[in-house]
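Residue numbers (the numbering used here): 50 to 192.
Idealized CB from N, CA, C, for every residue including glycine.
Worksheet: the structure to be examined is printed underneath.
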């Protein structure tokens, strides 16, 4: 059986002091944002660093990029998005930010977010369309 490694990182309480207030509200102390990014930059290699060579992740470049990027963060929403981007650099679907006190910004613009509207199956090394519906069906994708 293949062993899975799960990573759970919570931002320090200082980063998200806003309770349930919506992301993007007025700015808080930029030093707190930098502190959280530093926390992640220190903790992620400790918990997942052994995978960096396998995934060809240049962590020094990631550190430089995010230390620079945090300087332009002005709101809690921007901060949450930046930390989410940093977690994505792990290239691990199990890694996530959890138990945040700030809600993720709503960037839907009123759109409904859905998947590709197809069900795929792999049979004999080939990918087959099992079902297509909605926009996928209308665009010509057929089982």
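Buried or exposed: residue 73, going by 16 or more other Cβ atoms within 10 Å of its Cβ?
As a working mapping, residue 73 is identified with position 24 in the chain shown. Reliability fails at residue 73, whose pLDDT of 46 lies under 50, so the model's placement of it is uncertain and the value that follows must be treated cautiously. Buried is the call here.
Per DSSP, what kind of secondary structure is residue 103 in: helix, strand or coil?
Here residue 103 is taken as the residue at index 54 of the chain shown, counted from 1. It is helical.
Taking DSSP as the reference, what is the three-state secondary structure of residue 170?
Taking the chain shown and counting its residues from 1, the one referred to as residue 170 is at position 121. Looking at residue 170 - three-state DSSP - the assignment turns out to be strand.
Just the Cα atoms here: how many angstroms apart are residue 78 and residue 173?
To locate residue 78, count along the chain shown from 1; it is residue 29. To locate residue 173, count along the chain shown from 1; it is residue 124. Cα atoms of residue 78 and residue 173: separation of roughly 55 Å, rounded to the nearest angstrom.
Through-space distance from residue 147 to residue 154, alpha-carbon basis
Locating residue 154 in the chain shown gives position 105, where the first residue counts as 1. Locating residue 147 in the chain shown gives position 98, where the first residue counts as 1. Going from the Cα of residue 154 to the Cα of residue 147 covers about 15 Å.
Per DSSP, what kind of secondary structure is residue 179 in: helix, strand or coil?
In the chain shown, the residue the question calls residue 179 occupies position 130. Here residue 179 sits in strand by DSSP.
Is residue 167 closer than 8 Å to residue 144 when the C-beta atoms are compared?
Within the chain shown, the letter at position 95 stands for residue 144. Within the chain shown, the letter at position 118 stands for residue 167. No, the pair does not count as a contact, with Cβ atoms beyond the cut-off.
CB contact flag (residue 178, residue 165, <8 Å):
In the chain shown, counting from the first residue as 1, residue 178 sits at position 129. In the chain shown, counting from the first residue as 1, residue 165 sits at position 116. Result no, Cβ atoms of residue 178 and residue 165 do not sit closer than 8 Å.
Would you tell me roughly how many angstroms separate the C-alpha atoms of residue 108 and residue 84, rounded to the nearest one?
Taking the chain shown and counting its residues from 1, the one referred to as residue 108 is at position 59. Taking the chain shown and counting its residues from 1, the one referred to as residue 84 is at position 35. Between residue 108 and residue 84, the C-alpha separation is close to 18 Å.
Nearest by alpha-carbon distance to residue 117: which of 104, 126, 132 and 106 is it?
Mapped onto the chain shown, residue 117 falls at position 68. The shortest Cα separation from residue 117 among 104, 126, 132 and 106 belongs to 132.
Counted within 10 angstroms of its Cβ, other Cβ atoms place residue 159 as buried (16 or more) or exposed:
As a working mapping, residue 159 is identified with position 110 in the chain shown. The residue is exposed, with fewer than 16 neighbouring Cβ atoms inside 10 Å.
Alpha carbon to alpha carbon, how far is residue 114 from residue 106?
As a first step, residue 114 is located in the chain shown; it is residue number 65 there, counting from the start. As a first step, residue 106 is located in the chain shown; it is residue number 57 there, counting from the start. Near 13 Å, if we compare the C-alpha coordinates of residue 106 and residue 114.
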